[in-house]
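In case it helps, my numbering puts the sequence shown at residues 247 to 524.
Okay, so here's the structure we're looking at.
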Amino acid sequence: MIPIGLSAAIGAVAWYWRRAWYRDQVRQRLESTTEVSEVAAPTGRPFAGRHLVLPWVAGVIVSLTVALALNWPTNISAALGFVVALLLTQLDAWILEMRFNRIETQLADCIDMLVASVQAGASLQSALEVATGDTRQPLRRELEEMVARLRLGDAPVDVFELLRQRVPVETFRLFCTTLAVNWEVGGGLAQTLASVGQTIRDRMAIARQIRTLSTQGRITTMSVLFVTYFLAAMMWQSDPARMLGFLSTSVGQMLVTVVLALQGIGIAMVAKISRPKV
247 MIPIGLSAAI GAVAWYWRRA WYRDQVRQRL ESTTEVSEVA APTGRPFAGR
297 HLVLPWVAGV IVSLTVALAL NWPTNISAAL GFVVALLLTQ LDAWILEMRF
347 NRIETQLADC IDMLVASVQA GASLQSALEV ATGDTRQPLR RELEEMVARL
397 RLGDAPVDVF ELLRQRVPVE TFRLFCTTLA VNWEVGGGLA QTLASVGQTI
447 RDRMAIARQI RTLSTQGRIT TMSVLFVTYF LAAMMWQSDP ARMLGFLSTS
497 VGQMLVTVVL ALQGIGIAMV AKISRPKV
């Protein structure tokens, strides 16, 4: 009954959090519609985001599966679901980081094309159109939307701000701020964009070095994690009766539960420490 109660509690918390998020979104939209403005400000569509609920739902499913189908002890099943949820959370964060790294790399190449076009005498909008045609996904989709809004007559500053909202990373914030300031006050855009492109590349190089240095810690953590399960499988294979007797006692179940919980906490701590913020 404990896994069922635990899953029900987690599901209730997730449902309440989702409903609260929807209420906040509706309240913000209602407040924005009451404000007097000639043109409604567009809302930013996120380029990518985290899936905060799905890993925990998967953890609950794993916990219920091993508890009901395999008849595992309740506390061990709950701890195993906790570890699975944390592993999936870190996998989701890693995928998001890879997507942001890819689009940042494309942005640096796009800035080089913008600098070449502007130096050749093209306007900013024409340079953006040329760069959009030579850029691959996923950055191309974002640039196409920005160019389309500029063609339709939207305020350029609002268009650049919308791009910054869709891709909420420091490199895009710097790029969009540079374009907005240059559009308002003018100046040498080619030289400014060249400096921005170099800054973005330096930032990415530093982040890459930090990730390389922290790879050893992540590999060590995952190695220790899988070695633990490998040893448990070997012990079960060599003497199943003794292993089953150990897991049948309250002390054995408590020790296994504590070990699994500490593994989950260690995964979260190592991931937090090894993720660079440049």
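Glycine included, C-beta positions come from ideal geometry on N, C-alpha and C.
These figures come from a predicted structure and were not determined experimentally.
Notebook entry, point to check: The alpha helix (DSSP H) spanning N317 covers which residue range?
Noted result: In this chain, N317 is not harboured by any alpha helix (DSSP H), its DSSP state being neither H nor E.
Next item on the list: May I ask you to report which of helix, strand or coil DSSP gives Q437?
Entry: Note: Q437 maps to helix in three-state DSSP.
Note to self: I need the straight-line Cα distance from L477 to T467, nearest angstrom please.
What the structure shows: Answer to the nearest angstrom: the Cα atoms are 16 Å apart.
Item checked: Residues near F492 by beta carbon distance below 8 Å, same chain, minus five either side -> Excluding residues within five positions, the ones whose Cβ falls inside 8 Å are G498.
Notebook entry, point to check: According to DSSP, is Q411 helix, strand or coil?
Noted result: Three-state DSSP puts Q411 in a helix.
Note to self: Quick check on the burial criterion: 16 or more other C-beta atoms within 10 angstroms. Buried or exposed for L439?
What the structure shows: Only buried fits L439, as 16 or more other CB atoms lie within 10 angstroms of its CB.
Check: Using the C-alpha atoms, what's the distance from E350 back to T417?
Finding: Spanning the two alpha carbons is a distance of roughly 7 Å.
Check: Taking just the CA atoms, how far does E407 sit from A377?
Finding: Cα-Cα distance, rounded: 19 Å.
Notebook entry, point to check: Using DSSP with H/G/I as helix, E/B as strand and the rest coil, what is R397?
Noted result: Note: R397 maps to helix in three-state DSSP.
Item checked: DSSP three-state assignment for S369, whether helix, strand or coil -> In this structure, S369 counts as coil in the three-state DSSP scheme.
Next item on the list: Please state if the CB of Q509 and the CB of V330 are separated by a distance shorter than 8 Å.
Entry: No, they are not a contact pair.
Next item on the list: Reducing DSSP to helix, strand and coil, say where L298 ends up.
Entry: Coil at L298, not helix or strand.
Check: Taking just the CA atoms, how far does V505 sit from V364?
Finding: The straight-line gap from Cα to Cα measures roughly 60 Å.
Next item on the list: Please look up how many angstroms separate the CB atoms of L420 and V442, rounded, as I've assumed it's under 8 Å.
Entry: Contact between L420 and V442 is confirmed by a C-beta separation of about 6 Å, below the 8 Å threshold.
Check: Which first and last residues belong to the alpha helix (DSSP H) in which P384 is found?
Finding: No alpha helix (DSSP H) holds P384; DSSP gives it neither H nor E.
Next item on the list: Tell me whether F293 is buried or exposed, calling it buried when 16 or more other Cβ atoms sit within 10 Å of its Cβ.
Entry: It counts as buried.
Item checked: Own chain, CB closer than 7 Å to D338, minus 5 neighbours either side, in chain order -> Non-local C-beta neighbours of D338 in its own chain, meaning closer than 7 Å and more than five positions away in sequence, comprise R296, H297 and P301, ordered along the chain.
Checklist line | Per-residue DSSP class, three states only, for S293 | finding: As written in the sequence, residue 293 is Phe, which differs from the Ser given in the question. Here DSSP, grouped into helix, strand and coil, assigns F293 to coil.
Next item on the list: Could you pull out every residue in the same chain whose Cβ sits closer than 8 Å to the Cβ of V405, ignoring the five residues on either side in sequence?
Entry: For V405, where only same-chain residues beyond five positions count, the Cβ hits under 8 Å are M392, R395 and L396.
Margin query: With the cut-off set at 8 Å, would you say L385 and Q352 are in Cβ contact?
Written below: Against a cut-off of 8 Å, the Cβ pair of Q352 and L385 comes out as a contact.
Item checked: Proximal residues to G235 (C-beta, below 7 Å), its chain only, five neighbours per side dropped -> Here the chain covers residues 247 to 524 and nothing more, so residue 235 does not appear.
Note to self: Tell me the residue span of the alpha helix (DSSP H) that contains T424.
What the structure shows: Element bounds for T424: E416 to V431.
Notebook entry, point to check: Can you check whether the CB of R447 is closer than 8 Å to the CB of A354?
Noted result: A contact, by the Cβ cut-off of 8 Å.
Next item on the list: Let me know if I452 comes out buried or exposed under the rule of 16 or more other beta-carbons within 10 Å of its beta-carbon.
Entry: Counting Cβ neighbours within 10 Å, I452 comes out exposed, since fewer than 16 surround it.
Checklist line | Proximity of L326 and A304 at Cβ, strictly below 8 Å | finding: Result no, Cβ atoms of L326 and A304 do not sit closer than 8 Å.
Notebook entry, point to check: With 16 as the cutoff for other CB atoms within 10 Å, does M515 come out buried or exposed?
Noted result: When all chains shown are included, M515 counts as exposed.
Notebook entry, point to check: With distances taken from CA atoms, which of D400, A436 and T423 is nearest A368?
Noted result: Closest by C-alpha distance to A368, out of D400, A436 and T423, is A436.
Item checked: Neighbourhood of A507 by C-beta, 6 Å cutoff - its chain only, sequence neighbours within 5 removed -> Closer than 6 Å at the Cβ level, and outside the excluded window around A507, lie A325.
Margin query: Taking 8 Å as the threshold (C-beta atoms), are A373 and L389 in contact?
Written below: Taking 8 Å as the Cβ cut-off, L389 and A373 do not qualify as a contacting pair.
Note to self: Can you find the residues in the same chain that come closer than 8 Å, C-beta to C-beta, to T474, ignoring five residues on each side of it along the sequence?
What the structure shows: V505 and Q509, listed in sequence order.
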